[in-house]
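**Q** Provided herewith is a single structure, encoded as structure tokens, for subsequent inquiry.
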Amino acid sequence: MPLREECLWEKLTPQRPDNTALRGEVKVDVCVIGAGFTGLSAALHLLEKGKSVCVLEAHRAGHGGSGRNVGLVNAGMWIAPDEIEAGFGEAVGSQLNRMLGAAPALVFSLVDKYNIDCQLRREGTLHMAHNAKGEADLRSREQQWKRRGAPVELLTGKACEQATGTQKIAAALLDRRAGTLNPMAYVTGLANAVKRLGGQMFDHSPVTRLERQGQQWSVQTEQGSVLAEQVVIASNAYTEGDWTELKRNFFPGYYYQVASVPLTEDAAHEILPGGQGSWDTRQVLSSIRRDKDGRLLLGSLGNGNQKPTWFLKAWADRVQQHYFPNLKPVEWECTWTGRIAFTPDHLMRLFEPAPGLVAVTGYNGRGVTTGTVVGKAFADYLCHGNPQALPIPFAPMQPLAGVGLRSCLYEAGFSLYHAGQCLRIVI
Numbered sequence: 001m002p003l004r005e006e007c008l009w010e011k012l013t014p015q016r017p018d019n020t021a022l023r024g025e026v027k028v029d030v031c032v033i034g035a036g037f038t039g040l041s042a043a044l045h046l047l048e049k050g051k052s053v054c055v056l057e058a059h060r061a062g063h064g065g066s067g068r069n070v071g072l073v074n075a076g077m078w079i080a081p082d083e084i085e086a087g088f089g090e091a092v093g094s095q096l097n098r099m100l101g102a103a104p105a106l107v108f109s110l111v112d113k114y115n116i117d118c119q120l121r122r123e124g125t126l127h128m129a130h131n132a133k134g135e136a137d138l139r140s141r142e143q144q145w146k147r148r149g150a151p152v153e154l155l156t157g158k159a160c161e162q163a164t165g166t167q168k169i170a171a172a173l174l175d176r177r178a179g180t181l182n183p184m185a186y187v188t189g190l191a192n193a194v195k196r197l198g199g200q201m202f203d204h205s206p207v208t209r210l211e212r213q214g215q216q217w218s219v220q221t222e223q224g225s226v227l228a229e230q231v232v233i234a235s236n237a238y239t240e241g242d243w244t245e246l247k248r249n250f251f252p253g254y255y256y257q258v259a260s261v262p263l264t265e266d267a268a269h270e271i272l273p274g275g276q277g278s279w280d281t282r283q284v285l286s287s288i289r290r291d292k293d294g295r296l297l298l299g300s301l302g303n304g305n306q307k308p309t310w311f312l313k314a315w316a317d318r319v320q321q322h323y324f325p326n327l328k329p330v331e332w333e334c335t336w337t338g339r340i341a342f343t344p345d346h347l348m349r350l351f352e353p354a355p356g357l358v359a360v361t362g363y364n365g366r367g368v369t370t371g372t373v374v375g376k377a378f379a380d381y382l383c384h385g386n387p388q389a390l391p392i393p394f395a396p397m398q399p400l401a402g403v404g405l406r407s408c409l410y411e412a413g414f415s416l417y418h419a420g421q422c423l424r425i426v427i
């Protein structure tokens, strides 16, 4: 079977809305730029508070990283909670840890409230130690989260093997707050909820200009414009054009995934039998999960669009055979790549470059929950003006130096590591 370049989540979400492009002038309270997790969460919570909202999307809802996500509904960020408090300070860091620790519950509540069919599972996630150093890191994370009252548990021995379905992992941190979903279906459900509440959504409407006109903002597209009192820039890693400085405050990275055909053999049912999604502690990590139809999904950092399909299949074979050697040869069905907004310290940034204008970037690969939380926080802030509603304070925009070079160096490092995996030099 040839490996197709196709996003599995799009294939499994056939009823995606396709809205018309903006034409003419629209007047609303708030204009949201970007129909991903952040923008749709912001729009939904603003509408719940009685605001009129217009959402502009350059392509279609979920086109960017939101629809290409692994679909892990994680609590917290990639870096450990103690590191977050060290980076932001104890007061701000502890608030961020509390809000992101509760982020999966917010996602679950929206799925329940708006009856979103996104194949949600609430059995948690597994962070898997690939060596002794990784296990020590997970023990430290377990202690840090337990000090904060989180329901996490480090599984070892037989319990770990039964949970992961592999003998190659000595320990795995089970986070019972978390879960998995189909990210495109979640985005689609949020978009449908926005429309049901009266929000206006326009696809195929990339922003070309953003400027202040008196007491309002004018957001212009090729064929129309929006006049709004407030604007949310939620385009993150997929920010396009020169109408904002946001894209100069992160450097783009990538994450690719490879999905198998549905697996039916007995050995396949032993892989993550509890339904958790997982990822390992390698610096160039591998993510592992199964979907509702029993497909095996593997992913890693890097741009799959720049690699031949034989390379991606060889990499997927290597990871699968290492972790799950009892499987018969796997047929790989499709592959896709999403873009990530990286920051040098792996911490996100919130901006308010002018009154009534807010923006965010730097999720560093944690979009499902972080985007949902930030969207709600922006809605609360724009309605009430209370900065305590935000997970972190606003920061000044400070364009990064060498954005292109940073991105190229990261990609070169990822590709070199993956080549070593394919050649069985490393795993």
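For the sequence shown, the UniProt record's numbering begins at 1 and goes up steadily by one. We put the beta carbon where it would ideally sit given N, CA and C, even for glycine.
Suppose contacts are defined by Cβ-Cβ distances below 8 Å. Is G402 in contact with I271 by that definition?
**A** Position 402 of the sequence shown holds residue 402. Position 271 of the sequence shown holds residue 271. Not a contact, by the Cβ cut-off of 8 Å.
**Q** Around the Cβ of A379, are there at least 16 other Cβ atoms within 10 angstroms (buried) or fewer (exposed)?
**A** As a first step, residue 379 is located in the sequence shown; it is residue number 379 there, counting from the start. Looking at its Cβ environment, which holds 16 or more other Cβ atoms inside 10 Å, A379 is buried.
**Q** According to DSSP, is S205 part of a helix, a strand, or is it coil?
**A** One-based indexing of the sequence shown puts residue 205 at position 205. The DSSP-derived three-state label of S205 is coil.
**Q** Let me confirm a value: residue 432 is counted as buried when at least 16 other C-beta atoms fall within 10 Å, else exposed. Which label applies?
**A** Nothing about residue 432 can be reported from this structure: the residues present for the chain run from 1 to 427 only.
**Q** Looking at the structure shown, is I84 part of a helix, part of a strand, or coil, going by DSSP?
**A** The sequence position of residue 84 within the sequence shown is 84, counting from 1. If DSSP states are grouped into helix, strand and coil, I84 belongs with the helices.
**Q** Which of the three DSSP states is assigned to G402 in this structure?
**A** Walking along the sequence shown from the start, residue 402 turns up at place 402. When DSSP states are grouped into helix, strand and coil, G402 belongs to the coil group.
**Q** Count the other CB atoms within 10 Å of the CB of L423; is the residue buried (16 or more) or exposed (fewer)?
**A** If you number the sequence shown from 1, residue 423 lands on position 423. It counts as exposed.
**Q** Confirm, please, whether the CB-CB distance from T156 to A136 is below 8 Å.
**A** As a working note, residue 136 is residue 136 in the sequence shown. As a working note, residue 156 is residue 156 in the sequence shown. Cβ distance not < 8 Å, so A136 and T156 don't count as in contact.
**Q** Just reading off the beta strand (DSSP E) that residue 460 is part of, what are its end residues?
**A** The requested residue 460 is not part of the displayed model; the chain covers only 1 to 427.
**Q** Helix, strand or coil: which one does DSSP assign to D380?
**A** Mapped onto the sequence shown, residue 380 falls at position 380. It is helical.
**Q** Using 7 Å as the cut-off, classify the Cβ of G101 as near or not near the heavy atoms of the ligand PLP, replying yes or no.
**A** No copy of the ligand PLP appears in this structure; indeed no ligand is present at all.
**Q** In this structure, does DSSP put K49 in helix, strand or coil?
**A** Taking the sequence shown and counting its residues from 1, one reaches residue 49 at position 49. The answer is coil: DSSP assigns K49 none of H, G, I, E or B.
**Q** DSSP beta-bridge partners for G199?
**A** Along the sequence shown, one-based indexing puts residue 199 at 199. DSSP output for G199 lists no bridge partner at all.
**Q** Within its chain, find whatever has a CB closer than 7 Å to the CB of P81; leave out the 5 residues flanking it on each side and keep chain order.
**A** Along the sequence shown, one-based indexing puts residue 81 at 81. The residues are N97, Q144, W145, R148.
**Q** Quick one: which unbroken alpha helix (DSSP H) runs of 4-plus residues sit fully inside the region 300-351? Chain order, please.
**A** 309-323
**Q** Which of helix, strand or coil does DSSP assign to C160?
**A** By 1-based counting over the sequence shown, the position of residue 160 is 160. Of the three classes helix, strand and coil, the one that applies to C160 here is helix, per DSSP.
**Q** By the three-class DSSP mapping on this structure, what secondary structure does Q276 have?
**A** Against the sequence shown, residue 276 aligns to sequence position 276. In the structure shown, Q276 sits in coil (DSSP, three-state: anything other than H, G, I, E or B).
**Q** Give the list of continuous beta strand (DSSP E) stretches no shorter than 3 residues that lie fully inside the region 238-295.
**A** 251-260, 277-280, 286-290
**Q** Please name the residue, chosen from P151, L327, L110, N236, that lies closest to E57 on a Cα-to-Cα basis.
**A** Taking the sequence shown and counting its residues from 1, one reaches residue 57 at position 57. Proximity to E57 across P151, L327, L110, N236 peaks at N236, based on C-alpha coordinates.
**Q** What is the DSSP secondary structure of D112, reduced to helix, strand or coil?
**A** Counted from its first residue, the sequence shown places residue 112 at position 112. Helix.
**Q** Determine the DSSP secondary structure at M1, reduced to helix, strand or coil.
**A** Numbered from 1 along the sequence shown, position 1 holds the residue referred to as residue 1. Coil.
**Q** Among L40, A268, E48, V53, whose alpha-carbon lies nearest the alpha-carbon of E229?
**A** Taking the sequence shown and counting its residues from 1, the one referred to as residue 229 is at position 229. The shortest C-alpha separation from E229 is found at V53.
**Q** Would you say G371 and G71 are within 8 Å of each other, going by their C-beta atoms?
**A** Here the question's residue 371 lines up with position 371 in the sequence shown. Here the question's residue 71 lines up with position 71 in the sequence shown. Going by C-beta atoms, G371 is not nearer than 8 Å to G71.
**Q** Spatial neighbours of G62 within its chain, please: C-beta separation below 6 Å, excluding the five flanking residues on both sides.
**A** What you label residue 62 is simply residue 62 of the sequence shown in a count that begins at 1. Same-chain partners within the cutoff: M184, V187.
**Q** If the criterion is Cβ atoms closer than 8 Å, does the pair W336 and Q257 meet it?
**A** Stepping through the sequence shown from its first residue, residue 336 is reached at position 336. Stepping through the sequence shown from its first residue, residue 257 is reached at position 257. Result yes, Cβ atoms of W336 and Q257 sit closer than 8 Å.
**Q** For M397, which three-state DSSP category applies?
**A** Position 397 of the sequence shown, counted from the start, is the residue given in the question as residue 397. In this structure, M397 counts as coil in the three-state DSSP scheme.
**Q** Identify whether W78 lies in helix, strand or coil by the three-state DSSP scheme.
**A** Taking the first residue of the sequence shown as 1, we reach residue 78 at position 78. Coil.
**Q** Beta-carbon within less than 6 Å of T13's beta-carbon, same chain only, minus the 5 sequence neighbours each way: which residues are those?
**A** Walking along the sequence shown from the start, residue 13 turns up at place 13. So the list reads M184, A185, T188, once near-sequence residues are dropped.
**Q** In three-state DSSP terms, what is Q216?
**A** Within the sequence shown, the letter at position 216 stands for residue 216. Correct three-state label for Q216: strand.
**Q** Output yes if chain C places a C-beta closer than 8 Å to the C-beta of I392; else output no.
**A** No chain C appears in the structure shown, which is made up of a single protein chain.
**Q** Can you grab the Cα-Cα spacing for the pair A86 / L296, in whole Å?
**A** Reading the sequence shown from its first residue, position 86 is the one you call residue 86. Reading the sequence shown from its first residue, position 296 is the one you call residue 296. If you take the alpha carbons of A86 and L296, they lie about 37 Å apart.
**Q** Please report the distance separating the alpha-carbon of L285 from that of Q223.
**A** Counting from one through the sequence shown, the residue named residue 285 turns up at place 285. Counting from one through the sequence shown, the residue named residue 223 turns up at place 223. Distance between the alpha carbons of L285 and Q223 is about 43 Å.
**Q** Nearest to W243 by CA position, among K49, P17, P2, I33, is which residue?
**A** Here residue 243 corresponds to residue number 243 of the sequence shown, with the count starting at 1. Nearest of K49, P17, P2, I33 to W243, Cα basis: I33.
**Q** How do the region 18-31 and the region 42-52 stand: do at least 3 beta-carbon pairs fall below 8 Å, yes or no?
**A** Touching, yes.
**Q** Which residues mark the beginning and the end of the beta strand (DSSP E) in which V26 is found?
**A** By one-based count along the sequence shown, residue 26 stands at place 26. Looking at the DSSP string, the run of the beta strand (DSSP E) that includes V26 is 24-33.
**Q** Do you know offhand how far V232's Cα is from H269's?
**A** If you number the sequence shown from 1, residue 232 lands on position 232. If you number the sequence shown from 1, residue 269 lands on position 269. Looking at the two C-alpha atoms, the distance is approximately 44 Å.
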